[in-house]
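Following: one structure in structure tokens, then a few remarks.
2 protein chains.
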Amino acid sequence: MRAAEGGGYPKGRIRREDILSAAVAVYGEAGYHGSSLREVAKRAGITHAGLLYYFPTKEALLAAVLERRDAEDSEREQLDAPPGRDVLAHFIALAEHNVTHPGIVDLYSRLAAEAVVPDHPAHDYFVRHYRLARESTFESFRVLAEQGELRDGVDPAAAALTFVALMDGLQVQWLTDPDEVDLVATLRHFLDSVLTKPL
Amino acid sequence: MRAAEGGGYPKGRIRREDILSAAVAVYGEAGYHGSSLREVAKRAGITHAGLLYYFPTKEALLAAVLERRDAEDSEREQLDAPPGRDVLAHFIALAEHNVTHPGIVDLYSRLAAEAVVPDHPAHDYFVRHYRLARESTFESFRVLAEQGELRDGVDPAAAALTFVALMDGLQVQWLTDPDEVDLVATLRHFLDSVLTKPL
């Protein structure tokens, strides 16, 4: 199939990573459902057949885009640190990273909203993604509660769900009206309101 | 144009309201961008030309759908009550209503995520919608602060932004994984954590 690509692209240039980056750009503009592999191929400067060599279906491409983003986030922000104060600080760092990358936040928000239906190809990803995020923050709030660092009356499970939902909700309001919404400060304010010592 | 509709529909039956309900259903399945007036017309049991008589463009139909929803919400839940405890209680009632209407929540979440870009036909609607929601809850938190009913250290503006973002973020997580996410209880828990007396 590679031989049939034509177009004079040297083998090394047409890379998997280029396709993933093109996919992020196309999804960001048209949404996942509004996008096509042809459009992604065009954006990546590769033939449709050439793209199919790397990603045989739309679903395979989407899965690869989401997995790449999670892997990048997790490695950069050390989200798998031992539960406690550090993990919450790393989520704030992730938010700080996100506000300098509106394109990927836009993609994520749209996909999350599209993927609520069980037959969407990213549905299982988002079920897992949200469960992991809630679990990770729950464990951190639980550890902080044991150490007496959670305020009286704050339930670790509710605080975890609230924190994850707040990140998502703030992202959409921030993307809609960036000058009116301070995403990072609001997340910090929430954490400071449930912790006994500021983060 | 009505005369050209054909199809044997009696005049009274092809109603504006039917078209709006059909639009909600189609948007909910395909997203706004993934939908077409032809598809909405088909769902409403009306010809394409017949639909254009009521809504000449996709944008006009979308605006009418969003305005109908806000008018219904506002009237049912009395969201324009004087600022204070009642307004917050009405937002909780709105959330209770929403969890029995997942289709409209799904539509709203998708559109909000699609409409973050300034050239989306619902962008101005969402800028206004979010500003009004923040303002209304801010005024309520401010009044409660004056009455000594907001806990020390809680900033009315941050609490307002948090509350609105939390509603949105919880909706997406709840739609994704309904058995794991208690939307209404989590909103109540947040309000109880910032107010000195439970709602």
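Residue numbers (this note's numbering), protein chains in the order written: chain A, 1191 to 1389; chain B, 1191 to 1389. Using N, Cα and C, we set each Cβ at its ideal position, and we do this for glycine too. In this text, all values refer to a predicted model and were calculated from it rather than measured experimentally.
Query: Given a limit of 7 Å on CB to CB distance, which residues of the stretch 1267 to 1300 of chain A reach chain B?; Result: D1296, S1299, R1300
Query: If we ignore side chains and look at the alpha-carbon of each, how far apart do A:I1161 and B:V1384 end up?; Result: Outside the displayed span of chain A (1191 to 1389) sits residue 1161 of chain A, for which this structure offers no information.
Query: Going along chain A in order, which residues have a C-beta closer than 7 Å to the C-beta of B:E1304?; Result: G1221, R1300
Query: Looking at the structure shown, is B:L1340 part of a helix, part of a strand, or coil, going by DSSP?; Result: strand
Query: Please go through the stretch 1266 to 1290 of chain A and give each complete alpha helix (DSSP H) segment of 4 or more residues, from N-terminal end onward.; Result: 1275 to 1288
Query: Contact defined as beta carbons within less than 8 Å: I believe B:L1377 pairs with B:M1357. What is the distance between those atoms, to the nearest angstrom?; Result: 7 Å
Query: Does the contact criterion of 3 or more C-beta pairs under 8 Å hold for the stretch 1283 to 1302 of chain B versus the stretch 1217 to 1225 of chain B?; Result: yes
Query: Within this structure, are the beta carbons of A:L1210 and A:I1282 separated by less than 8 Å?; Result: no
Query: Which first and last residues belong to the alpha helix (DSSP H) in which B:D1208 is found?; Result: 1206 to 1220
Query: By the 10 Å Cβ neighbour count, where 16 or more other Cβ atoms means buried, how is B:G1343 classified, buried or exposed?; Result: exposed
Query: Quick one: Cα of A:E1339 to Cα of B:G1338, how far?; Result: 25 Å
Query: Taking 8 Å as the limit between beta carbons, can you name the residues of its chain near A:G1202, skipping five residues before and five after?; Result: Its pLDDT being 49, under 50, A:G1202 is placed unreliably in this model, and the value from its coordinates should be taken loosely. Excluding positions up to five away in sequence, the list is empty.
Query: Can you list the residues of chain B that A:V1362 reaches, using a CB-CB cut of under 7 Å?; Result: A1302, A1303, V1306, D1358
Query: Determine which residues share a DSSP beta bridge with B:L1301 and list them.; Result: Paired residue(s): none; B:L1301 is not in a bridge.
Query: Beta-carbon of B:H1379 versus every beta-carbon of chain A: anything under 8 Å?; Result: yes
Query: Can you give me the Cβ contacts of B:F1245 inside the same chain, cut-off strictly under 8 Å, excluding the 5 residues immediately before and after it?; Result: I1209, L1227, L1251, A1254
Query: Establish whether the CB of B:G1202 and some CB of chain A are separated by less than 8 Å.; Result: The pLDDT assigned to B:G1202 is 49, lower than 50, so where the model puts this residue is not dependable, and the model offers no usable value.
Query: Starting from the C-beta of A:E1304, find all residues in its chain whose C-beta is less than 7 Å away, skip the five residues before and the five after it, and write them out in chain order.; Result: G1221, Y1222, H1223, H1310
Query: Where do the ends of the alpha helix (DSSP H) carrying B:A1239 lie?; Result: 1238 to 1244
Query: By alpha-carbon positions, which one of A:N1288, A:D1270, A:E1370, A:A1312 ends up nearest to A:L1322?; Result: A:D1270
Query: So, is the C-beta of A:S1225 closer than 8 Å to a C-beta in chain B?; Result: no
Query: Counting only Cβ pairs nearer than 7 Å, list the residues of chain A close to B:D1345.; Result: H1379
Query: Could you say if the stretch 1353 to 1373 of chain B and the stretch 1353 to 1372 of chain A meet the contact criterion of at least three C-beta pairs nearer than 8 Å?; Result: yes
Query: Can a CB atom of chain B be found closer than 8 Å to the CB of A:T1376?; Result: yes
Query: Does the beta-carbon of A:T1247 have 16 or more other beta-carbons within 10 angstroms, so that it is buried, or is it exposed?; Result: exposed
Query: In the DSSP assignment, find the unbroken alpha helix (DSSP H) run with A:L1360 in it and report its ends.; Result: 1346 to 1366
Query: Could you pull the DSSP bridge partners for B:L1385 from this structure?; Result: B:L1340
Query: Taking only three categories from DSSP, how would you classify B:V1317?; Result: helix
Query: May I have the straight-line CA-CA distance separating B:E1249 from B:D1345, to the nearest angstrom?; Result: 38 Å
Query: Distance, Cα to Cα, B:A1312 vs A:R1275?; Result: 40 Å
Query: Taking the alpha helix (DSSP H) that B:E1229 belongs to, which residues open and close that run?; Result: 1227 to 1234
Query: Measuring alpha carbon to alpha carbon, tell me which residue in B:G1240, B:R1259, B:V1317, B:L1381 is nearest B:A1302.; Result: B:V1317
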